[in-house]
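Asker: I have a structure I would like to understand better, so I am pasting it below and will then ask my questions one at a time.
Residue numbers (the numbering used here), protein chains in the order written: chain D, 159 to 550; chain V, 50 to 146.
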């Protein structure tokens, strides 16, 4: 039976990967992802996990190795962060259209300059369009569960796409939380063995990743995009099955006290936990404020999001990414385009907060809601605002 | 021609754009890129096969008499054969002639 233990979230993620019985882990350590791959290398060294741990010379090599091992039919896992994820970037575009179900946990961290090891979402927003399925964890239990879920979804033959589980660096990766760790037998009931649709095999030779001449490139991209969009059904189905087996339900878009809300905060990742506390405080003060957390970032769950916000007239979207020179933060822009010319659409205000590890406190959420309320009365919806920035 | 074979809709494109049929590169006739073509002077040729060995596209074939000839459906006109020929038997000439 599952037991609840006090455990560092990174170790819990490594446990999930061990329970998934991966075959290959090519990895390069980068803060704050380090503990995940360190523990995996220990598992392999101690004989607790029968896998190849490949200590590569860079993240570029890590992802290249992942592509090779996944194409060979091996269950493949890696983990990265920030500058390392950027160094992987060139290879990150390959496994999506090639339909290689690699699973990666990204411990989100700011990008230089200035050098920052602390948490925000700028690293993953750079990789928004790599064509992987992407989910965001709010707490340690989410990180553990979503990692197992990622293997199940990515390797489903109807999906066969790479998948990223985003966990906030330090805020999640380095904290100790009570987490329910499933047993090997329980995981076995949820996660079947990996049976790829195609794999590199000398007896049945195929080529994976050939040149796409102009006559096929567009069609190959469309086929990948359609597969990514269609994966949502399998993602949701796997979450339902997870809930039936283990009692924890996950959804593409989660809500907290959002029914009848006038102003809705929109968040992703671990700040959602603080946001819930802030919503409680504002509700206690008689304000009709709710929260919507986006768990599934790619493919974007548009219909589910529209349903989740109900009749709220104002959305205060919090991005943990400052897009220099842009009109709006990435999540804010996604939502503005989702609601473009939709009758009765809410007013969407985009805020940037919590960059490079700066805390987003309950008071900050209150400030954001206050600003959104004021702007809704007298200001056109445009641009974005950085919260908590010192002017002098 | 392989490029024409590949003109299909996204639904019928092979999964992951994989190439499922081994050895089909023989159908890529690449000779239309050529701007120079090799010709062998059989008076000078000693049938050593250096052109055949060095041709990066394996365009050379041996004739029943033992000479080597480039197949113009695959020859890209790179001139490596002419460069490597120990007897200077191969000359490259512009394709338009």
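A virtual CB, placed ideally from N, CA and C, is assigned to each residue, including glycine.
Can you give the Cα-Cα distance for residue 235(D) and residue 408(D), rounded to whole angstroms?
Answerer: Their backbone Cα atoms lie some 22 Å apart in a straight line.
Asker: Is the shortest distance between the beta-carbon of residue 258(D) and the beta-carbons of chain V less than 9 Å?
Answerer: By this cut-off, residue 258(D) is an interface position.
Asker: Between which two residues does the alpha helix (DSSP H) carrying residue 135(D) extend?
Answerer: Given that chain D is displayed from residue 159 to residue 550, the structure contains no residue 135(D) and the question cannot be resolved.
Asker: Tell whether a beta-carbon distance below 9 Å holds between residue 83(V) and residue 144(V).
Answerer: Yes, Cβ-Cβ distance for residue 83(V) and residue 144(V) is below 9 Å.
Asker: Taking residue 509(D) as part of the beta strand (DSSP E), name the residues at either end of that continuous run.
Answerer: Counting along the chain, the beta strand (DSSP E) containing residue 509(D) begins and ends at 505-510.
Asker: Within 10 angstroms of its Cβ, does residue 259(D) collect 16 or more other Cβ (buried), or is it exposed?
Answerer: Answer is buried; the Cβ neighbour count reaches 16.
Asker: Helix, strand or coil, according to DSSP, for residue 132(V) in the structure here?
Answerer: In this structure, residue 132(V) counts as helix in the three-state DSSP scheme.
Asker: Let me make sure I understand the geometry here. Which of 190(D), 189(D), 212(D) has the alpha-carbon closest to that of residue 198(D)?
Answerer: It is 212(D) whose Cα lies nearest to the Cα of residue 198(D).
Asker: Assign residue 174(D) to buried or exposed, taking buried as 16 or more other Cβ atoms, counted over all protein chains shown, within 10 Å of its Cβ.
Answerer: Residue 174(D) is buried by the Cβ-count criterion.
Asker: Tell me whether residue 73(V) sits in a helix, a strand or coil according to DSSP, three-state version.
Answerer: Three-state result, residue 73(V): helix.
Asker: Step through the CB atoms of chain V and report whether any lies within less than 9 Å of the CB of residue 211(D).
Answerer: No, no contact with chain V.
Asker: What runs of the alpha helix (DSSP H), each 4 residues or longer, lie entirely inside the stretch 361-432 of chain D?
Answerer: The stretch 361-432 of chain D contains these whole alpha helix (DSSP H) runs: 372-404.
Asker: By DSSP, does residue 526(D) sit in helix, in strand, or in coil?
Answerer: Residue state, collapsed to three classes: helix.
Asker: Please go through the same chain and pick out, in chain order, the residues whose beta-carbon is closer than 6 Å to the beta-carbon of residue 168(D), but skip the five residues on each side of it.
Answerer: For residue 168(D), where only same-chain residues beyond five positions count, the Cβ hits under 6 Å are 193, 194, 331.
Asker: Would you identify the three-state DSSP class for residue 253(D), choosing helix, strand or coil?
Answerer: Residue 253(D): helix per DSSP, three-state reduction.
Asker: Distance cutoff 9 Å, beta carbons only. Does residue 355(D) sit that close to anything in chain V?
Answerer: Yes, residue 355(D) lies at the interface with chain V (some Cβ there is under 9 Å from its Cβ).
Asker: Relative to chain D, which residues along the stretch 58-72 of chain V have a C-beta separation below 7 Å, given in chain order?
Answerer: Listed by position along the chain: 58, 59, 62, 64, 65, 66, 67, 68, 69, 71.
Asker: Against residue 381(D), what residues of chain V qualify as contacts under a CB-to-CB distance less than 8 Å, listed in chain order?
Answerer: Chain V residues near residue 381(D): 59, 60, 62, 66.
Asker: Any heavy atom of the ligand GTP inside 8 Å of the beta-carbon of residue 550(D)?
Answerer: Among the ligands in the structure shown, none appear at all, so the ligand GTP cannot be discussed.
Asker: Can you find the residues in the same chain that come closer than 8 Å, C-beta to C-beta, to residue 140(V), ignoring five residues on each side of it along the sequence?
Answerer: Around residue 140(V): 87, 88, 90, 131.
Asker: From the DSSP secondary-structure annotation, give me the bridge partner or partners of residue 451(D).
Answerer: Partner(s): 412(D), 425(D).
Asker: Determine the extent of the alpha helix (DSSP H) in which residue 110(V) is found, giving its start and end residues.
Answerer: No alpha helix (DSSP H) contains residue 110(V), which is instead part of the beta strand (DSSP E) from 109-111.
Asker: Listing by chain order, which chain V residues have their CB less than 7 Å from the CB of residue 370(D)?
Answerer: Under the 7 Å cutoff, chain V gives 66.
Asker: Short check: CB of residue 237(D) to CB of residue 319(D), under 9 Å?
Answerer: Contact: no.
Asker: I need the boundaries of the beta strand (DSSP E) containing residue 465(D), first residue and last residue.
Answerer: First-last for residue 465(D): 460-466, but that is the alpha helix (DSSP H), not the beta strand (DSSP E).
Asker: So which residues on chain D does residue 56(V) lean against when the C-beta distance must stay under 7 Å?
Answerer: By Cβ distance, chain D contributes 373.
Asker: Is the CB of residue 313(D) under 9 Å away from at least one CB in chain C?
Answerer: Reference to chain C is not applicable here, since the protein chains of this structure are D and V.
Asker: So, using beta-carbon positions, are residue 468(D) and residue 275(D) closer together than 9 Å?
Answerer: Result no, Cβ atoms of residue 468(D) and residue 275(D) do not sit closer than 9 Å.
Asker: Could you check whether the Cβ of residue 228(D) sits closer than 9 Å to any Cβ belonging to chain V?
Answerer: It does not: the Cβ of residue 228(D) has no partner Cβ on chain V nearer than 9 Å.
Asker: Among 122(V), 60(V), 99(V), 93(V), which one has its Cα closest to the Cα of residue 75(V)?
Answerer: Of 122(V), 60(V), 99(V), 93(V), the residue nearest in Cα terms is 122(V).
Asker: Identify, in the order they occur along the chain, each residue of the same chain with its Cβ nearer than 6 Å to the Cβ of residue 454(D), setting aside the five sequence neighbours on each side.
Answerer: 293, 410, listed in sequence order.
Asker: Which runs of the beta strand (DSSP E) spanning at least 3 residues fall entirely within the stretch 256-299 of chain D, listed in chain order?
Answerer: If we require 3 residues or more, the beta strand (DSSP E) runs fully inside the stretch 256-299 of chain D come out as 261-266, 291-294.
Asker: Is the CB-CB distance between residue 505(D) and residue 539(D) below 9 Å?
Answerer: Yes; because the gap between Cβ atoms is below 9 Å, this pair is in contact.
Asker: In this structure, does DSSP put residue 211(D) in helix, strand or coil?
Answerer: Of the three classes helix, strand and coil, the one that applies to residue 211(D) here is strand, per DSSP.
Asker: Among 279(D), 272(D), 336(D), which has the Cα closest to the Cα of residue 302(D)?
Answerer: That would be 336(D), whose Cα lies nearest to the Cα of residue 302(D).
Asker: Where residue 386(D) and residue 109(V) are concerned, what is the direct C-alpha to C-alpha distance, given to the nearest angstrom?
Answerer: Cα to Cα, the separation comes out at about 45 Å.
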